[in-house]
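A.B. asks:
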Amino acid sequence: MTVPLLSLQGLTKAYPGVVANDSVSFDIGEGEVHALLGENGAGKSTLVKMIYGLVKPDSGQMLLRGAPFAPAEPRAARADGIAMVFQHFSLFDALNVAENIALGMENPPEMRDLAARIREVSETYGLPLDPFRTVGDLSAGERQRVEIIRCLLQDPKLLIMDEPTSVLTPQEVEILFKTLQKLRAEGTSILYISHKLEEIRTLCDHATILRLGKNVGECTPSETSARDMAEMMVGSSLQTPQRKTREFGEVAMAITGLSVPAPSAFGTSLKNVHLTVRKGEILGIGGVAGNGQDELLGVLSGEVLTAADAVKLHGQPIGRHGPTARRALGVLAAPEERLGHAAAPDMSLTENAMLTGSVREGLEKNGFLDWGKTKDFAERIIKAFDVRTPGPGNAARSLSGGNLQKFVIGREVLQNPDVLVVNQPTWGVDAAAAAAIRQSLLDLAAKGAAVICISQDLDELMEISDSFAALNEGRLSAPREAAGLTVEEIGLMMGGAHGMEVAHV
Amino acid sequence: MDLSAINPVLLIASLMVAATPLLLAAIGELVVEKSGVLNLGVEGMMIVGAIAGFATAVESGSPLLGFFAAAFAGAALSVLFAILTQFAQANQVASGLSLTLFGLGLSALMGQSYVGVKPPRMGDIHIPVLSDLPVVGPILFGHDIILYFGIALTAAVWWVLKYSRMGLVLRAVGENHEAAHALGYKVIRIRILAILFGGACAGLGGAYISLIRVPQWTEGMTAGIGWIALALVVFASWKPWRALLGAYLFGGVTVVQLNLQAAGVAIPVEYLAMSPYLITIIVLVILSADKSSAPASLGRNFHASR
Amino acid sequence: MIRLEKRPQPSRAWSLATPLVAVLATMVFGGLLFAALGKPPVEAIRTIFWEPLFGEFSFYYRPQLLVKGAPLVLIAIGLSLGFRAGIWNIGAEGQYIMGAICGAGAGLAFYPLEAFYIFPIMVIAGALGGWAWAMIPAILKTRFGTNEILVSLMLVYVAEQFLASVSLGLLKNPEGFGFPGSRNLQAYDSAHNAELIAGTGMHWGVVAALIAVIFAYVLLNRHMTGYHIRLTGEAPRAAKFAGVNPARLVLFCLGMSGALAGLAGMFEVSGPSGQISIDFNVGYGFTAIIVAFLGRLHPVGILLAGGLMALTYIGGDIAQSNLQLPAAAIQVFQGMLLFFLLAFDLLTNFRIAIGKPEVA
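Residue numbers (this note's numbering), protein chains in the order written: chain A, 1 to 505; chain B, 506 to 811; chain C, 812 to 1171.
Here you go:
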């Protein structure tokens, strides 16, 4: 038997209160695309950080081509031929592509030579990139190319990719897969981390499945059904949300011809956005990250003010209404960033309940606050949405991502909104909590509320949306009925692959 | 009032002298801010540098030794700031303020026996022929060595930030410390080095005031120059050559203002004396529209977590 | 290897304990400093902390505590509102000066008329003077995004020059034999902020400071504006999401702290100090920054911290005359206190763990 490229033996890493990895062992062969599969919080990130030298294991060892391998820092890992493309890109917005790449190399050549090499590699692998563009101006797909090229310039033996497709359109995913297949043909091994089962089935030769920090099984993805892999990953059978067919009412909220300049140097401007959502309808808005999702939520929640009649609620102009005035009228929102935007990390859950609940729950009178009533409201949220916490006095940051997300969504849903806008409602949330959150959105719509769900998870949108539109560079495509849309069509609405004709329906 | 008493050549020469402490402190702070740290303790480090340099120069008789001591003292004080912000994760604004308050007290304590003492003089360089040229001579070739050091330092910082690997890493840390950490750079270590450099520069700037510009020791003699240096970094949009330009502009304002006082212009002395501060405010207002060149991680603490 | 672990939530116990630990650490290191200066350390510390309260002449010093503490508390309360929201007014010294000038100016404008309404007018003028001076950085920040730290500080130097100017000109005592400085307000009954109860040090400034503490407590804990202040400091984006208007908050916080600093200056000039003079200000505006942090930006904490800081001032004076301890040593001592506080504050949000570093 040949010696595997990298062999992990009994890796264990514990953090206070949680064992992130519990004696994990598996091998990655030469020229193999190896999938590491698991839910959020299963310990995938910790594991790859150990391989990349960012975290030291408490016990266990690694062998690289049979020799002990214990990188003290990423530099050492890189020197041994390990390269990594991060989920949240480790890029510097204000620097240009070549400078970004130089930062990831041990002995970068002169800038001019480096630029030439970047051009060369990017052409070889079909990843066009201008070395002198400022990274902050690039799209998510292009930014990923910067990371990949940074890795490729070092001729890695093992390329680690952490959820690489979460920021790509379906067309861009295809291009990425061609690149990865080419790398495999050249003998590079790839450790591919994902929770998207279909991708793994098309790309990977072998899969290791993690659950709660343990290796719970291995399989050959092309020979295993997605359902079987999903059940190994989750550990129980999945509940898919229940949806009832329903009639839509009149138009609840409408945006017409809205353009908003970018809020910051590297933000996205909204360009001529039209949107309507009816009572009882769930409008899903897809798109790759950084195409105007945050900005659109800001316009809907009232954080960004616009011309009065650009945003209408039941036909009344509300574009000049701030968040508090909109809440009074029944327009509620839950932003993507839980800590720091939807909730204040160091404040208690009670105080966070006050954050959006003050108007509709009557928690304030003439500016004076009723903390008793607020605590009751927080307790109601905790109970109704099964938020796991010792009590409402605990700080928001002490909750896990999924629990805090349930709290944030629950806080808005319990206020009986007429219109609810959510951005990435289940990002980083475990499957059970995600299902609960989706069900609550469906229930809300069934009661007659209009729901706008902005998400980068297409599966989620297809599961709950009645109609679907996509954001691409600040433009919103015309909405289509969700039922019957193909992946190809969705991809085109999201802007296709970079450099292709942009499709506007 | 006698404006003819103002000699334009001497005015420019003394402008360069007035600008040098500002320039030294601002270049140091610029590097600190480029690494993503906001140290509001410049004033405190300057004044401690001023007395440390003064005392050393008086005791040893060597102004140059005084400057070394000043740089060391400034850096030593900045260690406190580094400990607070980089290890104890304290708020950078509060820590910087405390550095200034502490430095003012400490310098007063250290300087008690030096009030009214004359320091040894630092000689101006003298290059035969060149220094004797009319106009050009006194302006370009008749200063002390530290003034030229300030200009050389500006050039060096400019080159390092723009062309060297070290500068690239420093900018990267100031831009996005999470990403820099993920790539394996020692964020905390790099920042501490930058803070020490800033402290040493501020110390030098302070000593320049007490040993050359004034030269004597009085309590609180930096009189807000450290704060103006902070404003200058904003003015310069974090670019070294613009910091030099800004320092000369402010130096010019100070010198003109002093010359006008001496010439007995009909404006009350107090109003002339407040003019540098008012002009700083006006410049800040004009330039604060553009924040895009500020390092993105400026003022945010970094703690490596999982 | 010692390393830090972030606590899941801030520790309440440590939050209360750190000021005490910081005071103890300052006593130890301050003692070392005094020893280095050749003074008996224990004696010096005892003089500073014990003598004013329980010493032989405490009947004289105790009222002084109120006199020194009141402006510190008044200013620090105002500053703490802004600091909580991440709005850094560090120019309270300038606002204090302007409040004093406006308050004294308003009073002197009536001289020698005696009327009950003069003092209230002076109070209003003092508050307005400080408020207006603080509105300069506030408006520049909201209109042009100018850094309020630098502007408010620059204005201290401007105010000091202005103070010199009025002491020598506009407000100079016409019967002062050409000496700089205004008429003494202590000698002008309608404008005199006299002791309310003789021999206690209790003057209107002390009353105002106590009212400010109560006001700030209610504001921060029971009122929407206070909630918005805290929210803005903790998470600015969340505050915007909650509907906070950041510009209005800047105007409120800076205006409030300016008005309170102005009041402090006005009560000082019309009471303990008595006259506008070139060296009227003694750094209360800067020391109040220490008081605000030492009091954990909490109203009750500030009240206690103000008392403590007043103690070091008075104790320092005694040590100066009894032990020839230099005045600057007390300044260092106060600076040290802030250092230790910031350093030990770490324990509120982190716990120290001993073991292998997790991050290479």
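Think of the CB as a built atom: it goes at the ideal place given N, C-alpha and C, for glycine as much as any other residue.
In the DSSP assignment, what residue or residues form a beta bridge with residue 227 of chain A?
C.D. replies: According to DSSP, which records beta bridges pairwise, residue 227 of chain A is partnered with nothing at all.
A.B. asks: Buried or exposed: where does residue 831 of chain C fall if 16 or more other Cβ atoms within 10 Å of its Cβ makes it buried?
C.D. replies: exposed
A.B. asks: Is there at least one Cβ from chain A nearer than 8 Å to residue 689 of chain B's Cβ?
C.D. replies: yes
A.B. asks: Suppose contacts are defined by Cβ-Cβ distances below 8 Å. Is residue 608 of chain B in contact with residue 549 of chain B by that definition?
C.D. replies: yes
A.B. asks: Compare the C-beta of residue 1091 of chain C against all C-beta atoms of chain F and say whether one is closer than 8 Å.
C.D. replies: Here the protein chains are A, B and C, and chain F is not one of them.
A.B. asks: Quick check: the Cα distance between residue 354 of chain A and residue 409 of chain A, rounded to an integer number of angstroms?
C.D. replies: 14 Å
A.B. asks: Leaving out the 5 sequence neighbours to the left and right, which residues in its chain are closer than 7 Å to residue 53 of chain A when beta-carbon positions are compared?
C.D. replies: 71, 72, 73, 74, 76, 77
A.B. asks: If the cut-off is 9 Å on Cβ atoms, which residues from the segment 846-858 of chain C count as contacting chain B, listed in chain order?
C.D. replies: 848
A.B. asks: My guess is that residue 91 of chain A and residue 39 of chain A are in contact by the Cβ rule of under 8 Å, so how many angstroms apart are they, rounded?
C.D. replies: So it is not a contact: roughly 27 Å between Cβ atoms.
A.B. asks: Could you check the C-alpha separation between residue 833 of chain C and residue 1142 of chain C for me, to the nearest Å?
C.D. replies: 16 Å
A.B. asks: With a 10 Å radius around its C-beta and 16 neighbouring C-beta atoms as the bar for buried, classify residue 321 of chain A as buried or exposed.
C.D. replies: buried
A.B. asks: Taking the runs of the beta strand (DSSP E) that are 3 residues or longer, which of them lie wholly in the segment 1004-1036 of chain C?
C.D. replies: none
A.B. asks: Please list, in chain order, the chain A residues whose beta carbon lies closer than 9 Å to that of residue 1036 of chain C.
C.D. replies: 367
A.B. asks: Sorry if obvious, but does the Cβ on residue 412 of chain A come closer than 7 Å to a heavy atom of the ligand HEM?
C.D. replies: Looking for the ligand HEM in the displayed structure turns up nothing, as the structure carries no ligands at all.
A.B. asks: Just the chain C side, please: which residues come within less than 9 Å of residue 587 of chain B by C-beta, in chain order?
C.D. replies: Chain C residues near residue 587 of chain B: none, gap ~12 Å exceeds 9 Å.
A.B. asks: Spell out the partners DSSP gives residue 453 of chain A in its beta bridges.
C.D. replies: In the DSSP assignment, residue 453 of chain A forms a beta bridge with A:284, A:422.
A.B. asks: Measure the alpha-carbon distance for residue 1150 of chain C versus residue 949 of chain C and round it to whole angstroms.
C.D. replies: So the alpha carbons of these two residues sit roughly 28 Å apart.
A.B. asks: May I ask you to report which of helix, strand or coil DSSP gives residue 204 of chain A?
C.D. replies: Residue state for residue 204 of chain A is assigned as coil, using DSSP reduced to three classes.
A.B. asks: In angstroms with no decimal places, state the Cα-to-Cα distance between residue 1154 of chain C and residue 815 of chain C.
C.D. replies: 13 Å
A.B. asks: Pull up the CB-CB distance for residue 235 of chain A and residue 211 of chain A, whole angstroms please, since I reckon it's below 8 Å.
C.D. replies: 5 Å
A.B. asks: Taking 8 Å as the cut-off, decide whether the C-beta atoms of residue 995 of chain C and residue 1086 of chain C are in contact.
C.D. replies: yes
A.B. asks: With a cut-off of 8 Å, does the C-beta of residue 1147 of chain C fall near any C-beta of chain B?
C.D. replies: yes
A.B. asks: In chain B, which residues lie with their C-beta within 7 Å of the C-beta of residue 176 of chain A?
C.D. replies: For residue 176 of chain A, there are no C-beta contacts with chain B under 7 Å, since the nearest C-beta of that chain is about 21 Å from it.
A.B. asks: Looking at chain C, which residues of the segment 727-750 of chain B have a Cβ within less than 9 Å of any of its Cβ atoms?
C.D. replies: Listed by position, the residues of the segment 727-750 of chain B near chain C (Cβ gap below 9 Å) are 728, 729, 732, 733, 735, 736, 739.
A.B. asks: Residues of chain C with CB closer than 8 Å to the CB of residue 355 of chain A, please, in chain order.
C.D. replies: Here the neighbours are 1042, 1049, 1052, 1053.
A.B. asks: Applying a beta-carbon distance threshold of less than 8 Å, which residues of chain C neighbour residue 594 of chain B?
C.D. replies: 815, 1157, 1160, 1161
A.B. asks: Can you tell me which of the three DSSP states residue 627 of chain B falls into?
C.D. replies: Correct three-state label for residue 627 of chain B: coil.
A.B. asks: If I follow the unbroken alpha helix (DSSP H) through residue 601 of chain B, where does it start and stop?
C.D. replies: 597-615
A.B. asks: Please tell me whether residue 938 of chain C and residue 1080 of chain C are closer than 8 Å, where the distance is taken between their beta carbons.
C.D. replies: no
A.B. asks: Looking only at its chain, what residues have a beta carbon closer than 7 Å to the beta carbon of residue 508 of chain A, apart from the 5 residues adjacent to it on each side?
C.D. replies: Outside the displayed span of chain A (1 to 505) sits residue 508 of chain A, for which this structure offers no information.
A.B. asks: Assuming residue 25 of chain A contacts residue 10 of chain A under a Cβ cut-off of 8 Å, what Cβ separation, rounded to an integer in Å, is found between them?
C.D. replies: 6 Å
A.B. asks: Of all the CB atoms in chain B, is at least one closer than 8 Å to the CB of residue 378 of chain A?
C.D. replies: no
A.B. asks: May I ask you to list, following chain order, the residues of the segment 668-681 of chain B that have a beta carbon less than 8 Å from some beta carbon of chain A?
C.D. replies: 670, 673, 674, 676, 677, 680, 681
A.B. asks: Suppose you measure from the CA of residue 216 of chain A to the CA of residue 27 of chain A; what does that come to, to the nearest Å?
C.D. replies: Looking at the two C-alpha atoms, the distance is approximately 14 Å.
A.B. asks: Identify whether residue 312 of chain A lies in helix, strand or coil by the three-state DSSP scheme.
C.D. replies: strand
A.B. asks: Going by beta carbon distance, what residues of the same chain come within less than 6 Å of residue 1124 of chain C, once the five residues before and after it are set aside?
C.D. replies: Hits under 6 Å: 879.
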